[in-house]
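The next block holds one structure in the form of structure tokens; read it before the comments.
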Amino acid sequence: MVRFSIFVTEPVPGIDAELTMLKDADIRIKDRFLDRVESEDLRDVDAVIAGDSKITRESLKGANRLKVIGRLGAGVDSVDVEACTDMGILVFNAPGLNAQSVAEHIMGLMVAVAKKFRTVDALVRSGRWAEKAHHIGYELFGKTLGIVGLGNIGSRLAKMAQAFGMETVAYDPYIPAEKASSLNVKLVDLETLLRNSDFISINAPLTKETKGLIGEGQLRMMKRNTILINTARGGLVDEKALYEALRNNWIAGAGIDVLENEPVAEHPLFKLENVILTPHTASWTVESFRRVVSTVCENILKTLNGGIPDNLVNPEVLDRPRR
């Protein structure tokens, strides 16, 4: 007998195997990614497993019996949490479960940009082997990595970078000095990090305070050989300023997994050789999805049976009558 109705906002790799724990539920998976979840998709739904499609106040107009939204990851900026709270809908996330995959992706981008993989791969494919002398890369060993945000991802990244023989510094006003010290990471202010790092990885959440954290002024502080990596959120970096910085060689290169508006068919960054772009897939590994989906499904089942989900981001809903 079907007890619950659950909607998955978009296709998720390997999700079918993990959904078996919800055997008493009617599960519907959207067949394609949409920028915004349609209101009609939330009608007569008890729970939502949310990917990157935005759940807005407009989306929620159709949510006549929605009780809980589980976010596949740490960030909840794709969900209008305030609107959910107004409607008595619980929202929870799954922090830390994709940290290993994201940290590995960052290291991959650092190596790929430093070694100019995009350019030299094209040389081979186009029969221009002899041009390799014009596209020499450089090592990570002995370089300084500046980490903006020393949370789950930043901490793992620091350990990986140290294994490459890199020095690690970080800016994070919320991390105690003892934790940084235990990771062999030196805490510094943002300007010091920007001026002295050879590689900079943005791992901060997108908030009102961090939006536009890296703009023209910050990019001009960086060294000409700096490589900037952003796998966090697009709004943290001013993309127009980044384009100018890359085009005019204020910095050496960039590895970008996130853009302010996604998905995107055209962008000025597409024209540049010194940037490698990935489509918000830093966490997209078999292992990461298995951990995240399993945890979200367990939490949804717990909530629909009257419990309180772990990692609840709007606990004030608990003071109201439950749906």
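If you count the sequence shown from 1, position 17 lands on 249 in the working numbering, and the numbers rise without skipping.
Ideal Cβ positions, reconstructed from N, Cα and C, are used throughout, including at glycine.
Values in this document were obtained by computation on a predicted structure and should not be read as measured data.
Within the continuous beta strand (DSSP E) that includes I508, where are the two ends?
V507 to L509
Which same chain residues end up closer than 6 Å to R260 when comparing Cβ atoms and leaving out the 5 residues on each side of it in sequence? F239
- Query: I think I461 touches G444, with their Cβ atoms under 8 Å apart; what is that distance to the nearest whole Å?
  - Reply: Wrong, their Cβ atoms sit about 18 Å apart, outside the cutoff.
Pick out whichever of L501, Q332 and N480 has its Cα sitting closest to the Cα of V490. L501
message = Assess contact between the region 400-410 and the region 348-355, defined as three or more Cβ pairs (one per stretch) separated by less than 8 Å. Is contact present?
response = no
Using 10 angstroms around the beta-carbon of H366, count the other beta-carbons present and answer buried if the total reaches 16, otherwise exposed.
exposed
Can you look up S429 in the DSSP assignment and give me helix, strand or coil? coil
- Any beta-carbon of chain B closer than 8 Å to the one on T400? Chain labels in this structure do not include chain B; a single protein chain is all it has.
Item to complete: Entirely within the region 388-417 and at least 4 residues each: give me those alpha helix (DSSP H) ranges in chain order.
Response: 409-414
Q: For L254, I'd like the list of residues in its chain whose CB is within less than 8 Å of its CB, leaving aside the five on either flank, ordered along the chain.
A: F236, I238, C529, I532 and L533
Out of T252, S358 and L389, which one is the CA nearest neighbour of I338?
L389
Original post:
Given 8 Å as the limit, is there contact between the region 300-310 and the region 443-459, that is, 3 or more CB pairs closer than that?
Top reply: no
Checklist entry - Per DSSP, what kind of secondary structure is A326 in: helix, strand or coil? => result coil
| request: May I have the straight-line CA-CA distance separating H499 from D551, to the nearest angstrom? | output: 45 Å
Along the chain, where does the alpha helix (DSSP H) that runs through F521 open and close?
V518 to L536
In this structure, how does DSSP classify D248 when only helix, strand and coil are distinguished?
helix
Do you know how far the Cα of V525 is from the Cα of D248? 10 Å
Cα-Cα separation between S433 and D256, rounded to whole angstroms: 43 Å
Per DSSP, the bridge partner or partners of K255:
Partner(s): none; K255 has no beta bridge.
A331 and G302: beta carbons closer than 8 Å? no
> So R479 is in the alpha helix (DSSP H); what residue range does that whole segment cover?
Replying inline: E471 to R479
- Check whether the Cβ atoms of A514 and S387 lie closer than 8 Å to each other. no
The region 286-300 touching the region 263-277, judged by at least three CB pairs closer than 8 Å = yes
For T317, which residues in the same chain have their Cβ closer than 7 Å to its Cβ, ignoring the five residues on either side in sequence?
N546, E548 and V549
So R452 is in the alpha helix (DSSP H); what residue range does that whole segment cover? E448 to M453
8 Å contact criterion, which V380 and L425 should meet: CB distance rounded
7 Å
Given a threshold of 16 other Cβ atoms within 10 Å of its Cβ, counted over all protein chains shown, does K299 qualify as buried or as exposed? buried
Nearest to W561 by CA position, among K391, A464, G449 and P495, is which residue? Nothing can be reported for residue 561: it is not among the residues displayed for the chain, which extend from 233 to 555.
_Does L377 come out as helix, strand or coil in the three-state DSSP assignment?_
strand
Exercise. Return the CA-CA distance between S413 and F431, expressed in angstroms with no decimal places.
Key: 20 Å
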